[in-house]
Amino acid sequence: MAKVYKAHNPLRVETYRYVIIISVLWLISFFIFVLMDVLEIMQYFGYGYLCFVCLMSGYLGRKVRINLNGLTGEGRALKIVKNLPPDYTVFSNVTLSYEEQESETDLIIVGRKGVFLIEVKNHNGVITGKPDDKRWVQFKETKLGGKYANPFYNPTKQVKTHVYRLSGVLKEVGYSYWIQGMVYFVNPLVEVKAYSNQIPVLTLNKSFKSFLNEYEPKREVTKTEQQLIISSIRKQIADEKQRIKNKQHIEK
C-alpha cells in the first residue's frame, strides 16, 4: 500500500461553513416565529426573513451538494490510488504556491515511474469535449426523463496550470523532468467521449493503476530524487498550514 499524505482540504472546510450558516439561519427563524406570537410587529419582519432564509438555504444547499459530490469523487480516487505499491507516495489536496499564485491539486503521486498530477472529476452522464475547447459539456437526464447540458471548464487546461506550478516548485530543488498530468473521471455512471492528446483522460474502466502498469517513462526517478520531491511537496503542505494559522491569527 502506498504512503499517503493528506493536506488541508478547503472544499471540506467550505462545506462545513455552508452547513453551519444554513443551520444558524433556520435557528434564528425559529426564535423569530416564537416572538411573532408575542409581538405583532415581528410578523412583518418574520415573513420577510423567512423568504430570505428559503432563498439562501436553496443557494447554499446547492453549493453543499456540489461540494459533497466533489468530496465523494476525491475519496473514491484516493481509495484506488492508495493501493499502489509501497514504493509510491500519494499526496491528497496539496495547495501549490508558485510565482505568487496558488493551485489546489487533487492528487500528486510520486514513484519510480515518475511524478503524476491527477485532477479528479465525479461527473456522471456523457462528457464531450476536445483538447482546445475552453469548456467541455456534461449531458445528463433528469429523473423525469428531461435532458440538459452543463458546460464546465476544460479539466485538461486546469491540469496544465497545476503541472506548470508543480514543475516550478520542483525546479527550485533541482528536479526538472517530465511531470505527467491527467484527468480521472471516477463516477461509475459516466461515459467520457472527450479526449486530449497530451493529457490522458481516465475512467474507472481504465484506472490509474492500469495506466501505470502500461506507462513507460523516458527515465525512472531515482530514490534520491523521489525523496527530494517528497520533501519539497511536504514543505508546500507545511507552508500552507502556516498561512492558514497566520490568517486565523489576523482574523482574531
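Numbered per our numbering, the sequence shown spans residues 18 to 269.
For each residue, glycine too, the CB sits at the ideal point set by N, CA and C.
Here the structure is a predicted model, which means the values were calculated and not measured.
Inter-residue CB distance, residue i and residue j (contact presumed, cutoff 8 Å)
i, j, result
"V186", "Q253", "6 Å"
"K80", "Y35", "6 Å"
"L28", "L88", "6 Å"
"L245", "K130", "Not confirmed; about 16 Å, so no contact."
"I97", "K226", "7 Å"
"G198", "V176", "4 Å"
Closer than 8 Å: residue i CB and nearest the ligand ZN heavy atom
i, result
"Y194", "In the structure on display, the ligand ZN does not appear, and there are no ligands present to speak of."
Cβ-based burial, residue i [other Cβ within 10 Å; buried from 16]
i, result
"K120", "Looking at the sequence provided, one finds Ser at residue 120 rather than Lys. So S120 ends up on the buried side."
"S184", "buried"
"S109", "buried"
"A255", "exposed"
"G78", "exposed"
"I45", "exposed"
Beta strand (DSSP E) segment containing residue i, residue limits
i, result
"K164", "164–170"
"L134", "131–138"
"Y115", "112–115"
"K20", "20–23"
Terminal residues of the alpha helix (DSSP H) in which residue i lies
i, result
"S227", "225–231"
Coarse secondary structure for residue i, derived from DSSP in three states
i, result
"E121", "strand"
"L245", "helix"
"V30", "helix"
"L219", "strand"
"V127", "strand"
ask   = At which residue ranges does the segment 144–215 contain complete alpha helix (DSSP H) runs of 4 or more residues, listed in the order of the chain?
value = 172–188
Runs of beta strand (DSSP E) wholly within the segment 67–108 (minimum 3 residues, chain order) = none
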